[in-house]
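This note's numbering applies: residue 1451 is where the sequence shown begins, and numbers increase by one.
Heads up, the beta-carbon is just placed ideally off N, CA and C, and yes, glycines get one too.
This report refers to the structure that appears directly beneath it.
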Amino acid sequence: MSVLAHQHLKTITTTDLQGEGTITDNDVNDPCLPDATDSDGDGVCDAIDPDPSDPCNPDNTDADGDGVCDTIDPDPADPCNPNNVDSDNDGVCDTVDPDPTDPCSPDNTDADGDGVCDTVDPDPADPCNPNSVDSDNDGVCDTVDPDPTDPCVPDNTDADGDGVCDTVDPNPTDPCIPDNTDADGDGVCDTIDPDPTDPCSPDNTDVDG
């Protein structure tokens, strides 16, 4: 068969993949034609793809360094997408977290100054939470207590005027508790006796006339 006849036969028996009515050199030399199947969706047809089931082969470029090649990464510019593992739950994915085991790194902001960074503080606006140590048991946590060893600071209220602040007074409404000393033995404790050395004060009744 002549070359011309061969070419003519090819023209009338082969589907025109270019839609032009004529078989071109590109049609003949393109290894992806006539079957351009791309099983892994990586833009490389199976005929020349070294691994047609791996979308990261042959091009495994990972522009954002998140461990997911660009061909299947929904956002190849975001290192936290889609591999957004955050081991320490600090809101920063492991791929860009300088210390993925420390929830206070890289952001160690402590808005309330309680020694607990905001990322793990259940109430970052409360300086007594969760680090609520109160060394002097005055109801004011050490982080905001001007004197964490004195139970009468900052609140030195003494409702019964017995010289013992309410925070440590077992009965803050009784001036004779906790100290019920009665130096003159007149039955009136010294804290409310106008003259704790005179047994006739405050009651100077003379029962024998």
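1) According to the neighbour-count rule (16 or more other Cβ atoms, all chains shown, within 10 Å of its Cβ), is T1647 buried or exposed?
2) Could you pull out every unbroken alpha helix (DSSP H) segment of at least 4 residues lying fully inside the region 1581-1606, listed in chain order?
3) Within its chain, find whatever has a CB closer than 6 Å to the CB of I1522; leave out the 5 residues flanking it on each side and keep chain order.
4) Taking buried to mean at least 16 other C-beta atoms within 10 Å of its own C-beta, is D1416 buried or exposed?
5) Measure the alpha-carbon distance for P1508 versus P1572 and round it to whole angstroms.
6) From D1588, P1529, T1623, D1525, pick the residue whose C-alpha is nearest to that of G1515; which is it?
7) Please work out which residues of its chain come closer than 8 Å, Cβ to Cβ, to P1601, disregarding the five sequence neighbours upstream and downstream, and give them in chain order.
8) Helix, strand or coil for G1471 per DSSP?
9) Using a threshold of 8 Å, state whether the C-beta atoms of A1527 and A1513 are closer than that.
10) Tell me, to the nearest whole angstrom, how far the beta carbon of T1607 is from that of C1626; I am working on the premise that it is less than 8 Å.
11) CB-CB under 7 Å to S1503, same chain, minus the five flanking residues each way: which ones, in chain order?
12) Compare the C-alpha of P1677 against each of D1560, V1566, D1538 and name the closest.
Answer, in terms of the structure:
1) Translated into positions along the sequence shown, residue 1647 becomes position 197. Burial call: exposed.
2) none
3) Here residue 1522 refers to the residue found at position 72 when the sequence shown is read from its first residue. Closer than 6 Å at the Cβ level, and outside the excluded window around I1522, lie P1505.
4) Residue 1416 lies beyond the residue range present for the chain, which begins at 1451 and ends at 1659; the question has no answer from this structure.
5) Locating residue 1508 in the sequence shown gives position 58, where the first residue counts as 1. Locating residue 1572 in the sequence shown gives position 122, where the first residue counts as 1. So the alpha carbons of these two residues sit roughly 48 Å apart.
6) Here residue 1515 corresponds to residue number 65 of the sequence shown, with the count starting at 1. For the residues D1588, P1529, T1623, D1525, the minimum Cα distance to G1515 belongs to P1529.
7) By one-based count along the sequence shown, residue 1601 stands at place 151. Once the five neighbours on either side are set aside, the close Cβ partners of P1601 are D1586, N1587, D1588, C1615, T1617, V1618.
8) Here residue 1471 corresponds to residue number 21 of the sequence shown, with the count starting at 1. Below a pLDDT of 50, predicted positions are generally treated as unreliable, and G1471, at 49, falls in that range; no measurement from the model is reported.
9) As a first step, residue 1527 must be located in the sequence shown, where it is residue number 77. As a first step, residue 1513 must be located in the sequence shown, where it is residue number 63. Yes. Within cutoff.
10) Here residue 1607 refers to the residue found at position 157 when the sequence shown is read from its first residue. Here residue 1626 refers to the residue found at position 176 when the sequence shown is read from its first residue. Between C1626 and T1607 the Cβ distance is about 18 Å, and since that is not below 8 Å, they are no contact.
11) Looking up residue 1503 in the sequence shown gives position 53. S1489, D1490.
12) Outside the displayed span of the chain (1451 to 1659) sits residue 1677, for which this structure offers no information.
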